[in-house]
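Visitor: Per my numbering, the sequence shown starts with residue 1, numbered consecutively.
Don't be surprised by glycine CBs; every beta carbon is placed ideally from N, CA and C.
Provided herewith is a single structure, encoded as structure tokens, for subsequent inquiry.
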Amino acid sequence: MSLAGNCISVTYKISQSVTSSDNSTLLFFGVFNSALAVPTAAANALVIVAILTTSSLRTPSYLLLTSLAFSDLAVGLFCQPLLALLVYTFLNGFIDIGCHLLWACYAISCLVSWASIFIITAISVDRYLAIRLKMRYKTIVTVRRVRCFLFMLWISSFILMMIPPVLDMEVEMFGVVAAISLVTFLLVIVVSYTMSFRALKIHCAQIQPQSNQQPNSTTQSNVIDVLKYRKLLKTMILIVVVILICYIAHSALFGILSVFGVKRVDALIYILGLVSIVNLNSLLNPIIYVTRMTDIGRVCIKILQKFRCIS
1 MSLAGNCISV TYKISQSVTS SDNSTLLFFG VFNSALAVPT AAANALVIVA ILTTSSLRTP
61 SYLLLTSLAF SDLAVGLFCQ PLLALLVYTF LNGFIDIGCH LLWACYAISC LVSWASIFII
121 TAISVDRYLA IRLKMRYKTI VTVRRVRCFL FMLWISSFIL MMIPPVLDME VEMFGVVAAI
181 SLVTFLLVIV VSYTMSFRAL KIHCAQIQPQ SNQQPNSTTQ SNVIDVLKYR KLLKTMILIV
241 VVILICYIAH SALFGILSVF GVKRVDALIY ILGLVSIVNL NSLLNPIIYV TRMTDIGRVC
301 IKILQKFRCI S
């Protein structure tokens, strides 16, 4: 089956095969996504404002985090409302509108998915460079270079999103390409974080003899840096694990549907379920930022307090 096949025909078949039990399941996913859209958008917008309005937070690492928050913001602003509308069109038989919404959901979901995978991979490499390069990190990984990288990253994500419909790619081929890409990115992430912890362990061993001597400001600063990097590494790994669990499950289901095939409405329900879980991840990410990163959490609390005073 082609990704750019007869959309109206496919949408009509799905709409006609929906049963009463399917209606309840589809309605649940519609309510689920519509209910989470506002908190997802608000939480990520808060993180973005906190980072971009605070000079001390506008570092290369946090700019990568901001870009990830932008992709999660797009989920709350577009993906979740569109999915809720898509469910409504299927339940009410609006075939033409359902077809357009189906393609809109595909385009935006694919764009933010590619961008998210790129960004979490870049974050893992960035964390390794921060520990490996030490003082040279600030001269090599600059804000300007990260901005250029993020611009190219989003352009690449857009191109990858456009390839399947433009080339009329088969679903099976698209699934294979997505799976290979995901495995490749996963390998880079695992290697980067493994090397990061190894470099951190070596750094700890190097400063250990200094701690046995008379403490000074340099030694204390090194110890604080180790604790900070270790906590940040664990936080980033937590974010990566949550994201990858969602995407690996989604890719596995996509592969099963491509190989074995199921009734179209069942496929739609399964995909809606896993896409909803992926969308839930966009709400979990800012919660992790605020609770695990004290500097971001502190600024977010101040913004909320100001907003409360104004209102």
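1) Quick check on residue 295: does DSSP put it in helix, strand or coil?
2) Closest to residue 115 by C-alpha separation, out of 275, 198, 202 and 152, would be which residue?
3) Spatial neighbours of residue 75 within its chain, please: C-beta separation below 7 Å, excluding the five flanking residues on both sides.
4) How about residue 119 and residue 192: do their beta carbons lie closer than 8 Å?
5) Would you report the Cα separation of residue 168 and residue 105, rounded to the nearest angstrom?
6) DSSP three-state label for residue 238, please.
7) Are there 16 or more other CB atoms within 10 angstroms of the CB of residue 312, so buried, or fewer, so exposed?
8) Name the residue from 86, 141 and 117 whose alpha carbon lies nearest to the alpha carbon of residue 180.
9) Just how far apart, CA to CA, sit residue 271 and residue 98?
10) For residue 73 and residue 196, I'd like the C-alpha separation in whole angstroms.
11) Can you tell me whether residue 230 is helix, strand or coil according to DSSP?
12) Might you give, ordered along the chain, the residues of its own chain that have their beta carbon closer than 8 Å to the beta carbon of residue 242, omitting 5 neighbours on each side?
13) Within the same chain, show all residues whose beta-carbon is closer than 7 Å to that of residue 262, passing over the 5 residues directly before and after it, in chain order.
14) Counting Cβ pairs closer than 8 Å, one from the region 22-32 and one from the region 77-90, do we hit at least three?
15) Below 8 Å between beta carbons: does that hold for residue 236 and residue 123?
16) Output the distance between the C-alpha atoms of residue 59 and residue 27, rounded to the nearest integer angstrom.
17) Tell me the rounded alpha-carbon separation between residue 127 and residue 61.
18) Taking the alpha helix (DSSP H) that residue 168 falls in, what are its first and last residues?
19) Helix, strand or coil for residue 93, going by three-state DSSP, please let me know.
20) Look at residue 303 and residue 49 and say whether their C-beta atoms are less than 8 Å apart.
21) With distances taken from CA atoms, which of 57, 139, 42 and 83 is nearest residue 34?
22) Got a sec, what are the start and stop residues for the alpha helix (DSSP H) residue 56 sits in?
23) At 4 residues or longer, and completely inside the region 124-168: list those alpha helix (DSSP H) runs for me, N to C.
24) What do you reckon, are the CB atoms on residue 130 and residue 229 nearer than 8 Å?
25) List the whole-angstrom C-beta distance separating residue 240 from residue 109, where the pair is believed to meet the contact cut-off of C-beta under 8 Å.
26) For residue 291, count neighbouring Cβ atoms within 10 angstroms of its own Cβ and tell me buried if that reaches 16, exposed if not.
27) Among residues of its own chain, excluding the 5 on either side of residue 157, which ones have a beta-carbon nearer than 6 Å to its beta-carbon?
Guide: With the given structure in hand:
1) The count along the sequence shown starts at 1 and reaches residue 295 at position 295. Three-state DSSP puts residue 295 in a helix.
2) For the purposes of this step, residue 115 is taken as residue 115 along the sequence shown, with counting starting at 1. Of 275, 198, 202 and 152, the residue nearest in Cα terms is 152.
3) Here the question's residue 75 lines up with position 75 in the sequence shown. Result list for residue 75: 40, 112, 279 and 282, in chain order.
4) Counted from its first residue, the sequence shown places residue 119 at position 119. Counted from its first residue, the sequence shown places residue 192 at position 192. No, they are not a contact pair.
5) Indexing the sequence shown from 1 puts residue 168 at position 168. Indexing the sequence shown from 1 puts residue 105 at position 105. Whole-angstrom Cα-Cα distance: 18 Å.
6) Mapped onto the sequence shown, residue 238 falls at position 238. Note: residue 238 maps to helix in three-state DSSP.
7) An answer regarding residue 312 cannot be provided, because it is not within the stretch 1 to 311 covered by the chain.
8) Numbered from 1 along the sequence shown, position 180 holds the residue referred to as residue 180. Out of 86, 141 and 117, 117 has the C-alpha closest to the C-alpha of residue 180.
9) The residue labelled residue 271 in the question sits at position 271 within the sequence shown. The residue labelled residue 98 in the question sits at position 98 within the sequence shown. Near 16 Å, if we compare the C-alpha coordinates of residue 98 and residue 271.
10) For this step, residue 73 is matched to residue 73 along the sequence shown. For this step, residue 196 is matched to residue 196 along the sequence shown. Straight-line Cα distance between these residues: approximately 29 Å.
11) Translated into positions along the sequence shown, residue 230 becomes position 230. In the structure shown, residue 230 sits in a helix (DSSP, three-state: H, G or I).
12) Counted from its first residue, the sequence shown places residue 242 at position 242. Around residue 242: 281, 284, 285 and 288.
13) The residue given as residue 262 occupies position 262 in the sequence shown. With a pLDDT of only 49 at residue 262, under 50, the local geometry of the prediction cannot be trusted, and no value is derived from it.
14) yes
15) The sequence position of residue 236 within the sequence shown is 236, counting from 1. The sequence position of residue 123 within the sequence shown is 123, counting from 1. Yes; because the gap between Cβ atoms is below 8 Å, this pair is in contact.
16) The count along the sequence shown starts at 1 and reaches residue 59 at position 59. The count along the sequence shown starts at 1 and reaches residue 27 at position 27. Rounded to the nearest angstrom, the two C-alpha atoms are 43 Å apart.
17) The residue labelled residue 127 in the question sits at position 127 within the sequence shown. The residue labelled residue 61 in the question sits at position 61 within the sequence shown. Computed Cα separation, rounded: 8 Å.
18) Taking the first residue of the sequence shown as position 1, residue 168 is located at position 168. Segment: none, residue 168 is in no alpha helix (DSSP H) and carries neither H nor E.
19) Position 93 of the sequence shown, counting from 1, holds the residue named residue 93. In the structure shown, residue 93 sits in coil (DSSP, three-state: anything other than H, G, I, E or B).
20) Residue numbering aside, residue 303 sits at position 303 when the sequence shown is read from its first letter. Residue numbering aside, residue 49 sits at position 49 when the sequence shown is read from its first letter. The answer is yes: Cβ separation under 8 Å.
21) Taking the sequence shown and counting its residues from 1, one reaches residue 34 at position 34. Checking every option, the nearest Cα to that of residue 34 belongs to 83.
22) In the sequence shown, residue 56 corresponds to position 56, counting from 1. Note, residue 56: premise wrong, no alpha helix (DSSP H); not H, not E.
23) 137-140 and 143-166
24) For the purposes of this step, residue 130 is taken as the residue at position 130 of the sequence shown. For the purposes of this step, residue 229 is taken as the residue at position 229 of the sequence shown. Yes, Cβ-Cβ distance for residue 130 and residue 229 is below 8 Å.
25) Here residue 240 is taken as the residue at index 240 of the sequence shown, counted from 1. Here residue 109 is taken as the residue at index 109 of the sequence shown, counted from 1. Rounded, the Cβ-Cβ distance is 19 Å, inconsistent with contact.
26) In the sequence shown, residue 291 corresponds to position 291, counting from 1. Label assigned to residue 291: exposed.
27) Within the sequence shown, the letter at position 157 stands for residue 157. Cβ within range, chain order: 111, 114 and 115.
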